[in-house]
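If you read the sequence shown in the working numbering, its first letter stands for residue -11, the second for the next number, and so on.
Note sheet for the following structure.
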Amino acid sequence: MSYLMIGGGRPLHGRIAVQCAKNSVLPVLAAALLAGDTCRIAECPRLSDVETAAEILRHLGCTAQWDGNDLLVDTTHISRCDIPEELMRKMRSSVIFLGAILSRCGQAELSYPGGCELGPRPIDLHLTALRTLGAEINEIGGSLLCRANRLRGADIVLTLPSVGATENAILAACGAEGTTVIANAAREPEIADLQDFLQKLGVEIHGAGTSSITVQGKGTLHGCTHRCIGDRIAASTYLCAAAAAGGQVTLTGINYRHLATVTTALHQAGCRLQCDDDTITLESSGRLRAIAPVRTSPYPGFPTDAQPLLMAALLRSEGATMFVENMFESRYRHVPELLRMGAEIRLEGRVAVVCGVTDLHSAAVRSADLRGGAALVIAGLQAQGVTQIHNIHYIQRGYQDIAGDLAALGAEVSTAEP
Ligand code: UD1
């Protein structure tokens, strides 16, 4: 399998456009099922997770085809309402199709998404939300059988502001009679983006971006064209890369407000930042300082997805920084690989303390998950020698062309075959 080779020690300079957000595109593709019509997802990132979502749509009897950089999805015809286990296993977030299929077909059958790279990923909140709308759900031998002759609008209270559960609740509520109010909803920008898409389809929905979302179900819907928001985690990746390697980088197509906690941390670490409506410029000497403890939490808190990225940026900082991972149990799988490159990190349960070292050295390392893999790339950019990063299929789940983007900024990056 191919791997990445990164020659460290070069500062990054230049300007790149940030891809559209993976975490917007995936729920939007599920939501396209509700249109029963053609939707054009403009500048859709070509990611393996997007291919999996397209495969799910095709399996359901819809069409999904590329037209240049746009993905055209026609959901006029749908011939089945199940998702096979192999597609569920390829991408845990296939579970966001559940609400959409139920909404469109009144029934859905899919295998249970098991644990994954980040540790157990329960879906109890998703199921409770759907049951509140009147769905009958049976879990039989690892399969979920969901049926709802009539979904009815209801008050859904999420005990945690889960992103996926909020999306599933919204999508199912679109097919329910009457009004649904989701309390303690996730406030991520990608949920507001899903709302924008649904409004274009004709859904009466408001409140996304706040913790109370109201959906009026059973509207008459139609297709639309939608371009998703810029990817705040991809943007955070390139900012952390430039912060660590030094240089000056401008990112376009990204709303700086969506990554304010990340830019604030990088500013504390000694970077200079300039933000306009849809561009961010970062300038760094490459020598950072330690920052106040970083605690991951739901939006607008510090994103768990950016924790490995910021940790990698601070590996050579002056002083020690504490990270507290509050969202997922196994989100430090990049740490043993970073240690192989000479990093000094102490790990105890949910807490990791990074003590800056003077130099990192290259090694052959393995990604264990998407953002952990990106963290290894950031480490490679500041290490002496050529770092090999294996298992890049994890990275390809979320980055359209990380090697191309970094090469455009002057990094020495290439993809090699064994
Ligand atoms: C989404 C993002 C992922 C990000 C995560 C947290 C997508 C496709 N993925 O994942 O990149 O890391 O948000 O910001 O948008 N939980 C339960 N029961 C449930 C659902 C969740 O206990 O039914 C817990 C999870 O174990 C986790 C927390 O809630 O501890 C947050 O998870 P959630 O917001 O649901 O994350 P995802 O939607 O899976």
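Glycine included, C-beta positions come from ideal geometry on N, C-alpha and C.
What you are looking at is a predicted structure, and each value in this text was computed from that prediction instead of being measured.
Note down the Cα distance separating residue 161 from residue 201, rounded to an integer number of angstroms. As a working note, residue 161 is residue 173 in the sequence shown. As a working note, residue 201 is residue 213 in the sequence shown. Each residue's alpha carbon lies about 11 Å from the other.
If you draw a straight line from the C-alpha of residue 244 to the C-alpha of residue 369, how long is it? Residue mapping note: residue 244 aligns to position 256 of the sequence shown, counting from 1. Residue mapping note: residue 369 aligns to position 381 of the sequence shown, counting from 1. Between residue 244 and residue 369, the C-alpha separation is close to 24 Å.
Nearest-angstrom beta carbon gap, residue 229 and residue 366 [assumed within contact, 8 Å]: Here residue 366 corresponds to residue number 378 of the sequence shown, with the count starting at 1. Here residue 229 corresponds to residue number 241 of the sequence shown, with the count starting at 1. Contact holds; Cβ gap of about 5 Å.
Please report the residue range of the beta strand (DSSP E) in which residue 126 lies. Locating residue 126 in the sequence shown gives position 138, counting from the first residue. Start and end: 124 to 128.
Where does residue 37 land, buried or exposed, given buried means 16+ other C-beta within 10 angstroms? On the sequence shown, residue 37 is found 49 positions in, with the first residue counted as 1. So residue 37 counts as buried.
If we count the other Cβ atoms within 10 Å of its Cβ and call it buried at 16 or more, is residue 280 buried or exposed? Position 292 of the sequence shown, counting from 1, holds the residue named residue 280. Result: exposed.
Look at the Cβ atom of residue 41, then the Cβ atom of residue 17, and state whether they are nearer than 8 Å. Position 53 of the sequence shown, counted from the start, is the residue given in the question as residue 41. Position 29 of the sequence shown, counted from the start, is the residue given in the question as residue 17. Contact flag set, yes.
Within 10 angstroms of its Cβ, does residue 145 collect 16 or more other Cβ (buried), or is it exposed? What you label residue 145 is simply residue 157 of the sequence shown in a count that begins at 1. When all chains shown are included, residue 145 counts as exposed.
Assigned secondary structure, residue 250 (DSSP; H/G/I helix, E/B strand, else coil): Along the sequence shown, one-based indexing puts residue 250 at 262. Three-state result, residue 250: helix.
Can you tell me the Cβ-Cβ gap for residue 125 and residue 119, rounded? I've got them flagged as a contact below 8 Å. On the sequence shown, residue 125 is found 137 positions in, with the first residue counted as 1. On the sequence shown, residue 119 is found 131 positions in, with the first residue counted as 1. Contact holds; Cβ gap of about 6 Å.
Are the beta-carbon atoms belonging to residue 82 and residue 71 less than 8 Å from one another? Taking the sequence shown and counting its residues from 1, the one referred to as residue 82 is at position 94. Taking the sequence shown and counting its residues from 1, the one referred to as residue 71 is at position 83. The answer is yes: Cβ separation under 8 Å.
How would you label residue 155, buried or exposed, when you count the other beta carbons within 10 angstroms and need 16 or more for buried? The residue you call residue 155 lines up with position 167 of the sequence shown. Buried, because 16 or more other Cβ atoms sit within 10 Å of the Cβ of residue 155.
Would you mind stating whether residue 196 and residue 183 have Cβ atoms separated by less than 8 Å? Taking the sequence shown and counting its residues from 1, the one referred to as residue 196 is at position 208. Taking the sequence shown and counting its residues from 1, the one referred to as residue 183 is at position 195. Closer than 8 Å, so yes.
On the DSSP bridge assignment, give the partners of residue 346 in chain order. Within the sequence shown, numbered from 1, the residue matching residue 346 stands at position 358. The partner list for residue 346 (beta bridge, DSSP) is empty, contrary to what the question assumes.
Residue span of the alpha helix (DSSP H) that contains residue 225, given as start and end: Walking along the sequence shown from the start, residue 225 turns up at place 237. Run containing residue 225: 220 to 233, per the alpha helix (DSSP H) assignment.
Length of the line joining the Cα atoms of residue 227 and residue 237: Here residue 227 refers to the residue found at position 239 when the sequence shown is read from its first residue. Here residue 237 refers to the residue found at position 249 when the sequence shown is read from its first residue. When rounded, the distance between both Cα atoms is 8 Å.
Would residue 327 and residue 2 qualify as a contact pair, given that the criterion is a beta-carbon distance under 8 Å? In the sequence shown, the residue the question calls residue 327 occupies position 339. In the sequence shown, the residue the question calls residue 2 occupies position 14. No. Outside cutoff.
How many Å lie between residue 218 and residue 296 at the Cα? For the purposes of this step, residue 218 is taken as residue 230 along the sequence shown, with counting starting at 1. For the purposes of this step, residue 296 is taken as residue 308 along the sequence shown, with counting starting at 1. Cα-Cα distance, rounded: 20 Å.
Is it buried or exposed for residue 354, if we count other Cβ within 10 angstroms and need 16 for buried? Counting from one through the sequence shown, the residue named residue 354 turns up at place 366. Per the 10 Å Cβ criterion, buried.
Is the closest heavy atom of the ligand UD1 to the C-beta of residue 357 under 7 Å? In the sequence shown, the residue the question calls residue 357 occupies position 369. It does not: the Cβ of residue 357 is nowhere closer than 7 Å to a heavy atom of the ligand UD1.
Considering only heavy atoms of the ligand UD1, does any lie closer than 7 Å to the CB of residue 55? Sequence index remark: in the sequence shown, residue 55 carries index 67 (1-based). Outside the cutoff, so no.
Residue 106: which of 352, 316, 325 sits nearest, CA to CA? Here residue 106 corresponds to residue number 118 of the sequence shown, with the count starting at 1. For residue 106, the nearest C-alpha among the options comes from 316.
Cutoff 6 Å; reference residue 259; Cβ partners in own chain excluding five residues on either side: The sequence position of residue 259 within the sequence shown is 271, counting from 1. In its chain, beyond the 5 residues on either side, 231, 270, 272 have a beta carbon closer than 6 Å to the beta carbon of residue 259.
Where does residue 23 sit, in a helix, a strand or coil, going by DSSP? Residue numbering aside, residue 23 sits at position 35 when the sequence shown is read from its first letter. In the three-state DSSP reduction, residue 23 falls in the helix class (H, G or I).
According to DSSP, which residues form a beta bridge with residue 58? For the purposes of this step, residue 58 is identified with residue 70 of the sequence shown, where counting begins at 1. In the DSSP output, where bridge partners are listed per residue, residue 58 has 55.
Can you give the Cα-Cα distance for residue 343 and residue 172, rounded to whole angstroms? For the purposes of this step, residue 343 is identified with residue 355 of the sequence shown, where counting begins at 1. For the purposes of this step, residue 172 is identified with residue 184 of the sequence shown, where counting begins at 1. Distance between residue 343 and residue 172, taken at the CA atoms: about 37 Å.
When we look at the beta-carbon of residue 284 and count the other beta-carbons within 10 Å, is it buried (16 or more) or exposed? In the sequence shown, residue 284 corresponds to position 296, counting from 1. Per the 10 Å Cβ criterion, buried.
Apart from the five residues on each side of it in sequence, which residues of its chain come closer than 7 Å, Cβ to Cβ, to residue 385? Position 397 of the sequence shown, counted from the start, is the residue given in the question as residue 385. 35, 36, 37, 358, listed in sequence order.
Can you find the residues in the same chain that come closer than 6 Å, C-beta to C-beta, to residue 7, ignoring five residues on each side of it along the sequence? Position 19 of the sequence shown, counted from the start, is the residue given in the question as residue 7. 33, 219, 222, 388, listed in sequence order.
Would you tell me roughly how many angstroms separate the C-alpha atoms of residue 347 and residue 234, rounded to the nearest one? To locate residue 347, count along the sequence shown from 1; it is residue 359. To locate residue 234, count along the sequence shown from 1; it is residue 246. Using only the alpha carbons, I get a separation of about 14 Å.
Taking all protein chains shown into account, decide if residue 101 is buried (16 or more other Cβ within 10 angstroms of its Cβ) or exposed. Counting from 1 along the sequence shown, the entry for residue 101 is found at position 113. The residue in question, residue 101, is buried, as its Cβ has 16 or more Cβ neighbours within 10 Å.
Within 10 angstroms of its Cβ, does residue 246 collect 16 or more other Cβ (buried), or is it exposed? Position 258 of the sequence shown, counted from the start, is the residue given in the question as residue 246. With 16 or more Cβ atoms within 10 Å of its Cβ, residue 246 is classed as buried.
Hey, residue -6 and residue 401: beta-carbon distance below 8 Å or not? Taking the first residue of the sequence shown as position 1, residue -6 is located at position 6. Taking the first residue of the sequence shown as position 1, residue 401 is located at position 413. For residue -6 and residue 401, yes; Cβs fall inside 8 Å.
Exposed or buried, what is residue 163 when buried is set at 16 or more other beta-carbons lying within 10 Å of its beta-carbon? Numbered from 1 along the sequence shown, position 175 holds the residue referred to as residue 163. Counting every other CB atom within 10 Å of its CB across the protein chains shown gives residue 163 a total of 16 or more, marking it as buried.
Which residue wins for smallest C-alpha separation from residue 109, given the options 153, 291, 298? To locate residue 109, count along the sequence shown from 1; it is residue 121. Comparing Cα-Cα distances from residue 109 to each of 153, 291, 298, the minimum goes to 153.
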